Structures are given as C-alpha cells and as structure tokens.
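Chemist:
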DNA sequence: ATACTTATGAAAATGATTTTCATTATCATG
DNA sequence: CATGATAATGAAAATCATTTTCATAAGTAT
Ligand SMILES: [Mn+2]
Ligand SMILES: [Mn+2]
Ligand SMILES: [Zn+2]
Ligand SMILES: [Zn+2]
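Residue numbers (our numbering), protein chains in the order written: chain E, 501 to 643; chain S, 501 to 643.
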C-alpha cells in the first residue's frame with residue numbers, strides 16, 4: 501500500500517474519531533510509513549528529529565499508538581524490552597526468526613503452521629484472534 | 501521431578517558457582533517448586549511472605565533469576581507486562597493458548613508444529629535454540 | 001475573530017525490574 | 001570456637017520504557 505493511501509486512511513480515521521489533524525502527527529506517520537524495518541521508538545524519534553527537532557517523544561508514542569489502533573502499524577515485542585513497530589506487510593501476515601547473537605530478524609510465512617495452530621485451538625475450544633510465533637537461534641553468519 | 505530432587509539440583513548449582521546457601525533462598529525455591537501455575541513475582545512474594553514476612557522482593561527476584569539460570573524455572577511473558585514463572589513441565593516442552601478475556605492459560609504440545617518450525621528455520625539458515633508460540637483468543641466460556 | 005476542543009512538549013509519574021549499600025549470614029580455615 | 005573473606009539480604013534508590021499531567025498552543029466549526 502502506498503504512503504499516500506495510508507495517509508488517507510489515517511486522515512479518515514482521525515475524522516471519524518473527532519480528532520484534529522496536526523503537522524507533527526502527519527510528519528511522524530509519514531516518516532514511519534517510509535520505514536521497512538522493525539523500528540523502535542527511539543530510532544523513529546531520532547529520524548523524526550532530524551527535520552523537526554522540537555518534537556517531543558510523548559507525541560511519537562501517542563502517534564504510534566494511534567497508527568497501531570487504526571491498523572496502519574503493527575507493534576511487536578522481541579524480548580529486548582522495547583516495543584518495535586513495522587508497517588503493514590505487503591504480502592499478508594508473517595512471523596519472525598531472530599538471531600540471538602547479531603539480532604538479525606528474518607520474516608517467514610508458513611501456511612501449514614498457521615493451519616495447525618487454528619486446528620489446535622479449535623480442539624481446545626478456543627477462537628484464535630491473534631498469535632505470536634518467534635524462533636530464536638543463530639543465523640547463518642553467527643552459527 | 502520431585503521437589504526434593506529439584507532442591508538437590510539447586511544445591512549442587514549453588515556449590516559449583518561458589519554461592520552460599522541461605523534459608524530465604526531455600527524457602528522461596530521450595531514454595532515455587534510447589535506451584536503449578538504461571539505465577540507472577542507478586543503472587544509468589546505473597547505466598548512466601550505468609551510464613552516469612554521479612555523477605556524482601558529483591559530476594560525473590562534474585563532467587564527466580566537463579567532458578568531460571570539453572571533450568572529449574574521457566575520465565576514467560578504473556579504480554580501483561582510482568583514476567584511469570586512456571587516449573588519444568590513434567591511431560592516435555594509445551595506452548596500456550598491464552599484467553600484475552602478471562603486470562604485463562606491452557607498448554608498444548610504439537611509435534612507437527614515443532615517440526616515445521618525447525619524445517620522453516622533450516623531453510624533460512626538458522627539454528628533454532630528456543631521459540632515462543634502463543635495463541636491468543638477467546639476460550640470456550642468467553643467466546 | 002470567537003469559543004470550544006484536541007494536541008503538544010516538558011516534566012513528573014508509573015510500574016516492573018535492577019542496583020546500591022550498609023548490615024548480616026555463611027563457610028572455610030586456623 | 002574465633003576469625004576473616006565473601007556472598008546474601010532487605011530497604012531504598014535507581015533504571016528504563018511507557019504513560020500521564022498540565023500549562024500552552026493549535027485546529028476547526030460557527
Ligand atoms: Mn516483520
Ligand atoms: Mn506453561
Ligand atoms: Zn546473527
Ligand atoms: Zn476466557
């Protein structure tokens with residue numbers, strides 16, 4: 501999805517919620533939409549401050565919360581104590597494999613696993629809403 | 501594994517590390533070994549304080565860290581902001597399914613999923629050391 | 001322009017966990 | 001049984017990510 505399209509979705513979400521549009525929020529969103537990693541708030545704040553040093557980190561926190569709320573960002577925790585955000589995946593849902601030495605993160609999709617998950621849940625009487633699958637180990641370079 | 505056996509393992513770990521044995525640590529460990537849930541520190545502290553009100557929470561934190569280190573406790577994060585600990589599973593590794601309404605936690609094992617995980621990792625050049633699989637949704641009672 | 005409401009940035013607050021530090025306990029060794 | 005060296009404890013302070021507060025500054029409908 502294009503950054504433009506995302507900005508439109510954000511704008512309409514803001515409208516329906518009775519919020520007001522602001523330059524700071526727009527700029528933070530724009531910067532985030534251009535990222536293609538699992539970015540931490542600190543990293544995003546740094547990027548944003550390059551052009552707008554006056555922006556406070558509370559505003560970045562609030563904006564990322566908003567983007568997550570309206571489905572334009574995904575919040576992830578990989579166990580390093582801070583939340584990381586990623587853009588909506590272009591090709592559907594994916595899970596992660598993380599190198600415990602160099603912190604490299606790769607993404608993967610596995611239909612069979614997904615299917616076995618819902619099957620397992622059904623057996624236990626659960627309706628699955630979301631899941632978290634993370635593999636931790638050593639990448640090719642760190643093995 | 502019996503509590504007794506666990507106490508022995510702990511004792512030998514303490515010896516090899518050149519640590520000293522203390523009544524507080526033994527008692528915290530003993531109380532923990534008797535639990536069969538995913539217990540939070542707060543909950544464990546409360547249990548411990550019933551017989552030993554003078555124990556500080558730092559000691560409980562330190563003891564659970566030690567137990568995790570020597571493999572007698574497993575630390576889990578289910579996304580509610582606090583670490584929970586569980587005893588070594590009697591029947592091997594398991595994963596979790598969590599109700600997002602009533603917080604009920606069920607455990608499950610699925611060989612096929614485990615196998616697909618290592619297969620996926622291998623394809624990506626990774627050697628898996630550990631993994632985290634959590635399903636979130638509504639339990640039978642909360643659906 | 002006005003009035004009303006939301007947003008912002010700085011600073012303070014929060015909550016889980018860790019660290020510090022003075023004191024106490026453990027444990028080899030004499 | 002002392003003694004001395006070192007680890008452990010508990011209370012309080014410190015951390016660190018995140019949230020909240022609050023005075024001030026926009027945004028927006030009229
Ligand atoms: Mn991803
Ligand atoms: Mn469990
Ligand atoms: Zn690596
Ligand atoms: Zn439930």
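Even for Gly, the Cβ is constructed at its ideal location relative to N, Cα and C. Keep in mind it's a predicted model, so treat the numbers as computed, not measured.
Just the residues with CB closer than 6 Å to a heavy atom of ligand 1, in chain order, which are they?
Modeler: Here the residues come out as E/538, E/586, E/594, E/596 and E/607.
Chemist: With respect to the beta strand (DSSP E) encompassing residue 595 of chain S, which residues constitute its N-terminal and C-terminal limits?
Modeler: Element bounds for residue 595 of chain S: 595 to 599.
Chemist: Return the residue from the list E/587, E/531 and E/580 that minimises the CA-CA distance to residue 602 of chain E.
Modeler: Residue 602 of chain E has its Cα closest to that of E/580, out of E/587, E/531 and E/580.
Chemist: Looking at ligand 4, does it come within less than 7 Å of residue 622 of chain E, judged from the CB to the closest heavy atom?
Modeler: Checking the Cβ of residue 622 of chain E against ligand 4 gives no.
Chemist: State the DSSP-derived secondary structure class of residue 566 of chain S, mapped to helix, strand or coil.
Modeler: Residue state, collapsed to three classes: helix.
Chemist: Does residue 513 of chain E have its Cβ less than 8 Å from a Cβ in chain S?
Modeler: It does not; no Cβ of chain S falls within 8 Å.
Chemist: With distances taken from each beta carbon to the nearest heavy atom of ligand 4, which residues come in below 5 Å, in chain order?
Modeler: Cβ atoms closer than 5 Å to ligand 4 belong to S/599, S/601, S/602, S/604, S/639 and S/642.
Chemist: Between residue 610 of chain S and chain E, is any beta-carbon pair separated by less than 8 Å?
Modeler: So, interface residue.
Chemist: On the premise that residue 532 of chain S lies in contact with residue 585 of chain S, defined as a C-beta separation below 8 Å, what is that separation, rounded to the nearest angstrom?
Modeler: Going by Cβ atoms, the distance from residue 585 of chain S to residue 532 of chain S rounds to 7 Å, so yes, they are a contact pair.
Chemist: Classify residue 537 of chain S: buried if its beta carbon has 16 or more other beta carbons within 10 angstroms, exposed otherwise.
Modeler: Exposed.
Chemist: Just list the residues that DSSP pairs residue 527 of chain E with in beta bridges.
Modeler: The partner list for residue 527 of chain E (beta bridge, DSSP) is empty, contrary to what the question assumes.
Chemist: Short of 6 Å in beta carbon distance, which residues of its chain neighbour residue 600 of chain E, apart from the five on each side in sequence? Order them along the chain.
Modeler: Contacts found: 636.
Chemist: Can you list, in chain order, the residues of its chain whose CB lies under 8 Å from that of residue 567 of chain E, leaving out five sequence neighbours each side?
Modeler: Around residue 567 of chain E: 510, 529, 532, 573 and 585.
Chemist: Reducing DSSP to helix, strand and coil, say where residue 519 of chain S ends up.
Modeler: Note: residue 519 of chain S maps to coil in three-state DSSP.
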